[in-house]
Every structure is written in structure tokens, then in C-alpha cells.
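K.L.:
Numbering (the working numbering), first residue to last: 3 to 325.
Just so it is clear, CB atoms sit at the ideal spot from N, CA and C, and this is done for glycine as well.
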């Protein structure tokens, strides 16, 4: 095939045809101009709409129907029953043999784990088994004995003060009334309820960080203050359940419903929890977040109850020898 362009014919050079050819071109250009402006405006409007949509706040999910008081109480008590089945071995996770040991251990447990306290108290109670013995210790010696629990200077001050008060005001015995316990240095309602519930059999709700966190996640309270949380929860459950409820909720908070990343996907009470989804929902990933006996790890007590299904905590490693 020949690709050489043909020469224009004479007919194509006639001015009339040139005029005819140019005229539509002008009309076409005239028609295109308005179309171009319209298109530009449309694009501008579309861009503006998209930008506005991106800046606009996302639509909130429809609010859940408010829960009636009766429904709340029923759901809360069912959670307690479910936790009782999950943790039939729930117990105080501090090692103690009497009320004084429990009182001291609870004071030491502030800002540290129960395991660390349990690893520390054997040496402490070997030196000072009674309030009289502890009150007689030089502050420096007591500080060294409890140093592993942290904040040892403040705790030393509390232990010396409460030991002296027990010796001087209560005949060396731990009182069995909340109003007396809270007068001791370093003892608040939480500590008093731990001692009353587990050493004297007096029902009490222990609102530590775990209990408060779960009570809010479960919708039992909206309060942050521990005393107000205690009052709200006490109004939901019968008094006979208070002590064991505390153990079960704390157990669940330490093992499953963690502060930063709860294991929602491995939680047996997830269908009852209004906060489901705050943590990991994938079952396999959630199971890897479980702790203590649920995660195949040692518990917190060196001497756990006979029905505890996990491993005892390891004793504290001996201090390194000075070089």
C-alpha cells in the first residue's frame, strides 16, 4: 500500500468550500466554550462536596435503648453467676495465716502485684510476726525488708504507725469493725473490707483498680470514686455475695478483662457485657492475652488453696552476692 498523501484537488481550494468548512468550526468552538465552563463548575462543586463530607463528623451509631433498673440488676447478677462458674476457686491472692498478716500484706499490695508481696512477706513475718514486734523495728530495717514492694518509705511509715496503734489501742489485736480499721494509718475502706471479708467473715466489697474498671465496663456504675463505686455495686447485689463477688471480679480483671487490651474474644461473659469490642475480639488472638492459670502461667500465691488449678508463684530469687 502507498502511504504517500494524495495531492489536494482544485475543488477543495474553492473559497466557498473553505467558508463552508470554517463556519462549522466556529460554531463548534462556540458550543464547546459553554460546555467547558459548565464542566469546570460541576467538578468544582463535586470537589467542594467531597471536602465538606470529609470534614463533616461521622454519623454516630443509633443510641442503645436505655437499660431499666430491673434489667441491669438481672444482668449484673447473671454475670456474677457466670463468674462463679468460671472461677469456683476464686480467693484472696495474698498469702496470710492470720488477720495481722493479711492487714500488713494488703497495705504492702498498693502499687505492686500480690505476687511480689507474697514473695516479700515470708522474710518480714519471720522477723516481725506480731504488731509489737513490727512496731519495735528500726525504720531502716523495715524499709529494707519491704523494699521489693516499692514505695517502701511511705509503706514503712504506715506499717509502723498501724502496728503501734494496734499495740496501744487494740491490745495487739486487729479489730473486726470497719469504723475501727479505717482509723489505722494507711488503712482505707478497700483494705478494711479485704480484712473484714477474709479474716472475719464480714461481707465487704473490695474496690481496687480491677474491680472499679470492670464495674464500669459492665455498666454497674459510672463513678470513678471508689467509695461511690462501692455504694452503687452494693445496691445491686445481696450483702451475702459481696466478698466472693469481689474475688470473682478481680480474678476476671487480672486474667481476662485487662486494662489496656481486654481479651474480649476469649471472654465467656461477652454476651452480657455492654463494653464488648473494646479489646481483641479474634478468639485465637484473645486467648494469647489470658494470664495466670488461664494462660498457663504461675499464679500469685506461693501457697495457693488446694483447689487452685494453676501453678504456685515462684519464691523470690535470693539477692545477688556482693562482689
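Identify whether residue 313 lies in helix, strand or coil by the three-state DSSP scheme.
P.N.:
If DSSP states are grouped into helix, strand and coil, residue 313 belongs with the strands.
K.L.:
How about residue 291 and residue 257: do their beta carbons lie closer than 7 Å?
P.N.:
Not in contact: residue 291 and residue 257 (Cβ atoms no closer than 7 Å).
K.L.:
Roughly how many angstroms separate the alpha carbons of residue 298 and residue 138, rounded to a whole number?
P.N.:
Distance between the alpha carbons of residue 298 and residue 138: 42 Å.
K.L.:
Between the segment 190-204 and the segment 234-252, do at least 3 Cβ pairs fall closer than 8 Å?
P.N.:
The answer is yes - the segment 234-252 touches the segment 190-204, with three or more Cβ pairs under 8 Å.
K.L.:
Pull up the distance between the alpha-carbon of residue 115 and that of residue 74, whole angstroms please.
P.N.:
C-alpha separation (whole angstroms): 32 Å.
K.L.:
Grab me the residues of residue 157's own chain with a C-beta within less than 7 Å of its C-beta, minus the 5 sequence neighbours each way, in chain order.
P.N.:
109, 110, 148 and 151, listed in sequence order.
K.L.:
For residue 153, I'd like the list of residues in its chain whose CB is within less than 6 Å of its CB, leaving aside the five on either flank, ordered along the chain.
P.N.:
Result list for residue 153: 113, in chain order.
K.L.:
Whole angstroms is fine: what's the gap from residue 267's alpha carbon to residue 93's?
P.N.:
Their Cα atoms are separated by approximately 25 Å.
K.L.:
Measure the CB-CB distance between residue 176 and residue 96 and report whether it falls below 7 Å.
P.N.:
Cβ distance not < 7 Å, so residue 176 and residue 96 don't count as in contact.
K.L.:
Leaving out five residues on either side along the sequence, give the residues of the same chain with a beta carbon under 7 Å from the beta carbon of residue 119.
P.N.:
Cβ within range, chain order: 96, 107, 110, 111 and 151.
K.L.:
Who are the Cβ neighbours of residue 133 in its own chain at under 7 Å, not counting the five residues just before and after it?
P.N.:
Result list for residue 133: 102, 165, 168, 169 and 174, in chain order.
K.L.:
Between the beta-carbon of residue 204 and the beta-carbon of residue 217, is there less than 7 Å?
P.N.:
No.
K.L.:
Sorted by chain position, which residues of the same chain lie with C-beta nearer than 8 Å to residue 308's C-beta, five sequence neighbours on each side aside?
P.N.:
Cβ within range, chain order: n/a, list empty.
K.L.:
Classify residue 313: buried if its beta carbon has 16 or more other beta carbons within 10 angstroms, exposed otherwise.
P.N.:
Exposed, since its Cβ has fewer than 16 Cβ neighbours within 10 Å.
K.L.:
If you run the structure through DSSP and keep just helix, strand and coil, what is residue 320?
P.N.:
Correct three-state label for residue 320: coil.
K.L.:
If we ignore side chains and look at the alpha-carbon of each, how far apart do residue 260 and residue 315 end up?
P.N.:
Their backbone Cα atoms lie some 20 Å apart in a straight line.
K.L.:
Is there contact here, the segment 71-91 with the segment 219-226, by at least three beta-carbon pairs under 8 Å?
P.N.:
In short, these stretches touch, since the Cβ pair count reaches three.
K.L.:
Tell whether a beta-carbon distance below 7 Å holds between residue 188 and residue 160.
P.N.:
Yes, the pair counts as a contact, with Cβ atoms nearer than the cut-off.
K.L.:
Comparing alpha-carbon positions, which option in 248, 318 and 122 lies nearest residue 82?
P.N.:
Among 248, 318 and 122, the Cα nearest to that of residue 82 belongs to 248.
K.L.:
Under a Cβ-count criterion, where at least 16 other Cβ atoms within 10 Å of its own Cβ denotes burial, should residue 192 be classed as buried or exposed?
P.N.:
Counting Cβ neighbours within 10 Å, residue 192 comes out buried, since at least 16 surround it.
K.L.:
Residue 80: which of 250, 263 and 155 sits nearest, CA to CA?
P.N.:
Of 250, 263 and 155, the residue nearest in Cα terms is 250.
K.L.:
For residue 306, name the three-state secondary structure that DSSP assigns.
P.N.:
Three-state result, residue 306: coil.
K.L.:
With a Cβ-Cβ cutoff of 7 Å, do residue 281 and residue 264 count as a contact?
P.N.:
Contact: yes.
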